[in-house]
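Engineer:
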């Protein structure tokens, strides 16, 4: 495959032109261990397919001096093509679940502890440097990178690099940092966790177009790490991200059943502005629920199948700018 | 809601213009009992939503002189938002399953027997006249009516009426009559069974656009039955249908895992011609599997999530024309 990505020389030229003060830049250890997780949700098939493929064809993701390990995180859920067996694996990497040893554990808790021992321990110096966790959504989000911290310069630089490489295809960055909305993800055991979310794709389906987008996101991420390891300095940068504010549930009746559905003017409009007074939901009698907030927000995960049970029709986000100082590898 | 449907007077004018020989027409009993099934597959949510809605708001589907009964056929699967609990409810209405009484039955077999006692017995004079069974697909099939017989004049006339009423929106008719491909559906207990399949919609998701299409298909079907009961004569007609020929599986490796995916030129192209030499699948190394048949066929159910486990990437169909003689109600 031929990818039109920024080569090292172009980046060096960019850096020279920017007149970066090398002394002020962030000095970061080389990236030596990277995991690519698929099947954290067993019915999100692009990541399952890619990880299974790379387990057989590791050359496609090999990078000099880096261990790149593809891994199916929830094999039982993959086998049954369901999101999870007992509980959502992508919500249980909190310290209590990771240390719980009383009696028979739910499958995903036991699996979380196994993953933590293989790729963590979470928060320790032994944890993997980077985990790319591959997900699909039924929402029209396109390629999306999910950050858990607004202050991780390495990850911000990686997002910037992937966005540039993807252009003119869009690649949104979602920041899930808000207490009460943030959750303890599978990838959170890494020093630099990144979620890769690509949609729209139904659960249990593999689409070639979505598969391709996920593949190139991973390859650009690995390219970035390789350039970084080779000593390329990445100049200070800023990126626009969508920061999660709160989740919005569907209107429901007394039984908890949906009493209205996503309005057609909101459906498939992830990342587009939702202005005060815009429709959000419509019921069978034609009645409309309007957005009554005072600020324009940017909905995403609009009509994601897995979030009906989580009482979430979409999440409201706001646009914010994150900045990163220049970074370079301190162990070249 | 305002629907632009052929009113009785227009139909009478049509009939007069056609100079139909009333004596030659088919005389059929009035339609007195109609069931609308939702949730035969618990994660196909348009039908679930509509049936639950109509259970509360029966006036929308009421027709004079007809019992119209909305019914959730697989409530446990609906509750869990899965296709089925033990086995596919839409495949077990064979005589053996319906009469089996040995020991503890799988949930769907027990449910099939219950449904057969409520709306059947299958093949008897006591069976419901019409069952509309509501389904969704992840394939880009639009509105689709599924017939199980090429000789049911009443159903062919109903399809013709719905197609005319839907225009200029398309409404395909799929004929599943081929031995080896046909299966014993939930709706098969009715004298006139019709499957209503609308997509694309992911499993576990309700989209307003798909919901609307399903709603109007049901309403046009009920309108047709009402006009028929009122004595309107429907002149001889023909419709073009897609007759199922055989199913085609994905290329798979030794483990049974997919080794290739639907080619982008076939994805979302349900009902479009697949000509000899056209691509069907593409693997990660770029290798393509081409269609090597000698005749042009018309794929449908392309990349339906539920059919991965049934070893079916799509079904090949051929276009055939069905004809029906004129029909009128013999009990006005």
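Residue numbers (the UniProt record's numbering), protein chains in the order written: chain A, 1 to 332; chain B, 1 to 332. Using N, Cα and C, we set each Cβ at its ideal position, and we do this for glycine too. Keep in mind that this is a model prediction, so the values were computed, not measured.
Which residues bound the alpha helix (DSSP H) around residue 98/A?
Structural biologist: Residues 95-99.
Engineer: At the 7 Å Cβ level, is residue 305/A part of the contact set with chain B, yes or no?
Structural biologist: Closer than 7 Å to some Cβ of chain B, the Cβ of residue 305/A qualifies, so yes.
Engineer: Using a Cβ-Cβ cutoff of 7 Å, what residues of the stretch 192-212 of chain A are near chain B? List them in chain order.
Structural biologist: Answer set for the stretch 192-212 of chain A: 202, 203, 204, 205, 206, 207, 208, 209 and 211.
Engineer: Is the Cβ-Cβ distance between residue 43/A and residue 91/A less than 7 Å?
Structural biologist: Taking 7 Å as the Cβ cut-off, residue 43/A and residue 91/A do not qualify as a contacting pair.
Engineer: Sort 77/B, 206/B and 183/B by Cα distance to residue 195/B and report the nearest one.
Structural biologist: Measuring from the Cα of residue 195/B, the nearest candidate turns out to be 183/B.
Engineer: Quick one: what does DSSP say residue 8/A is sitting in, helix, strand or coil?
Structural biologist: The predicted position of residue 8/A is uncertain, since its pLDDT is 45 and thus under 50; a value taken from the coordinates is nonetheless stated next. Here residue 8/A sits in helix by DSSP.
Engineer: Of all the CB atoms in chain A, is at least one closer than 7 Å to the CB of residue 261/B?
Structural biologist: Yes - at least one Cβ of chain A is within 7 Å of the one on residue 261/B.
Engineer: Could you work out which residues of chain A lie near residue 257/B, taking near to mean beta carbons separated by less than 7 Å?
Structural biologist: Those are 52, listed as they occur along chain A.
Engineer: Give the single residue among 150/B, 50/B, 171/B and 33/B whose Cα lies nearest to the Cα of residue 125/B.
Structural biologist: That would be 33/B, whose Cα lies nearest to the Cα of residue 125/B.
Engineer: Would you decide whether residue 197/A is buried or exposed? Buried here means 16 or more other CB atoms lie within 10 Å of its CB.
Structural biologist: It counts as buried.
Engineer: DSSP three-state label for residue 317/B, please.
Structural biologist: DSSP places residue 317/B in strand when its eight states are reduced to three.
Engineer: Between residue 46/A and residue 206/A, how many whole angstroms is the CB-CB distance? I'm expecting something under 8 Å.
Structural biologist: The pair is a contact, with the Cβ atoms about 6 Å apart (cut-off 8 Å).
Engineer: Please tell me whether residue 141/A has its Cβ less than 7 Å away from any Cβ of chain B.
Structural biologist: Not one chain B Cβ lies under 7 Å of residue 141/A.
Engineer: Around the C-beta of residue 169/B, are 16 or more other C-beta atoms found within 10 angstroms, so that it is buried, or is it exposed?
Structural biologist: Exposed, because fewer than 16 other Cβ atoms sit within 10 Å of the Cβ of residue 169/B.
Engineer: So which of 208/A, 88/A and 227/A has the shortest CA-CA distance to residue 185/A?
Structural biologist: Checking every option, the nearest Cα to that of residue 185/A belongs to 88/A.
Engineer: Nearest-angstrom Cα distance between residue 24/B and residue 249/B?
Structural biologist: Model confidence at residue 24/B stands at a pLDDT of 47, short of 50, so the residue's coordinates are unreliable; what they give is reported in the following sentence. If I take the Cα positions, the gap works out to 46 Å.
Engineer: Quick one: any contact between the stretch 220-237 of chain B and the stretch 52-64 of chain B, if contact means 3 or more CB pairs under 8 Å?
Structural biologist: The answer is yes - the stretch 52-64 of chain B touches the stretch 220-237 of chain B, with three or more Cβ pairs under 8 Å.
Engineer: For residue 264/A, return the contacting residues in chain B, with the cut-off set at a CB-CB distance below 9 Å.
Structural biologist: Under the 9 Å cutoff, chain B gives 207, 208, 209 and 212.
Engineer: Using a 10 Å radius around the Cβ and a threshold of 16 neighbouring Cβ atoms, would you call residue 151/B buried or exposed?
Structural biologist: Per the 10 Å Cβ criterion, exposed.
Engineer: Shortest alpha-carbon distance to residue 187/A belongs to which of 269/A, 216/A and 146/A?
Structural biologist: Checked all of 269/A, 216/A and 146/A; the closest Cα to residue 187/A is 146/A.
Engineer: For residue 329/A, name the three-state secondary structure that DSSP assigns.
Structural biologist: Correct three-state label for residue 329/A: strand.
Engineer: Spatial neighbours of residue 331/B within its chain, please: CB distance less than 7 Å, with the 5 preceding and 5 following residues excluded, ordered by chain position.
Structural biologist: So the qualifying residues of the chain are 29 and 30.
Engineer: Under 6 Å Cβ to Cβ from residue 311/B, same chain only, skipping five residues before and after it: list those, please.
Structural biologist: The residues are 249.
Engineer: Where does residue 252/B fall in DSSP's three states?
Structural biologist: It is a strand residue.
Engineer: Would a C-beta distance cut-off of 7 Å place residue 406/A and residue 131/A closer than the cut-off?
Structural biologist: As displayed, chain A neither begins before 1 nor continues past 332, which places residue 406/A out of reach and without an answer.
Engineer: Cutting at 7 Å between CB atoms, please list the residues of its own chain near residue 307/A, excluding the five before and the five after it.
Structural biologist: Only 301 meet the Cβ criterion.
Engineer: Consider the Cβ of residue 40/A: report whether some Cβ of chain C lies at a distance smaller than 7 Å.
Structural biologist: Included in the structure are the protein chains A and B, with no chain C among them.
Engineer: On the three-pair Cβ rule with 8 Å, is the stretch 286-303 of chain B touching the stretch 257-270 of chain B?
Structural biologist: Yes: the two stretches touch, three or more of their Cβ pairs being nearer than 8 Å.
Engineer: Could you please give me the residues that DSSP links to residue 35/B through a beta bridge?
Structural biologist: Answer is 69/B and 131/B.
Engineer: Check whether the Cβ atoms of residue 297/B and residue 316/B sit closer than 7 Å, and answer yes or no.
Structural biologist: Closer than 7 Å, so yes.
Engineer: Would you say residue 280/A lies against chain B (beta-carbon separation less than 7 Å)?
Structural biologist: No, because no Cβ of chain B sits closer than 7 Å to the Cβ of residue 280/A.
Engineer: Just tell me which of 154/A, 143/A and 167/A has its CA closest to the CA of residue 211/A.
Structural biologist: Checking every option, the nearest Cα to that of residue 211/A belongs to 143/A.
Engineer: Beta-carbon within less than 8 Å of residue 279/B's beta-carbon, same chain only, minus the 5 sequence neighbours each way: which residues are those?
Structural biologist: If we look at residue 279/B and ignore the five residues flanking it on each side, its Cβ neighbours are 263, 265, 266, 288, 289, 290 and 291.
Engineer: Any residues in the stretch 123-151 of chain A with a beta carbon nearer than 9 Å to a beta carbon of chain B? Which ones, in chain order?
Structural biologist: Listed by position along the chain: 138.
Engineer: Mind reading off the beta-carbon distance from residue 40/B to residue 135/B? Whole number of angstroms is fine, and I expect it under 8 Å.
Structural biologist: 7 Å between Cβ atoms; contact.
Engineer: By alpha-carbon positions, which one of 49/B, 253/B and 238/B ends up nearest to residue 163/B?
Structural biologist: The shortest C-alpha separation from residue 163/B is found at 238/B.
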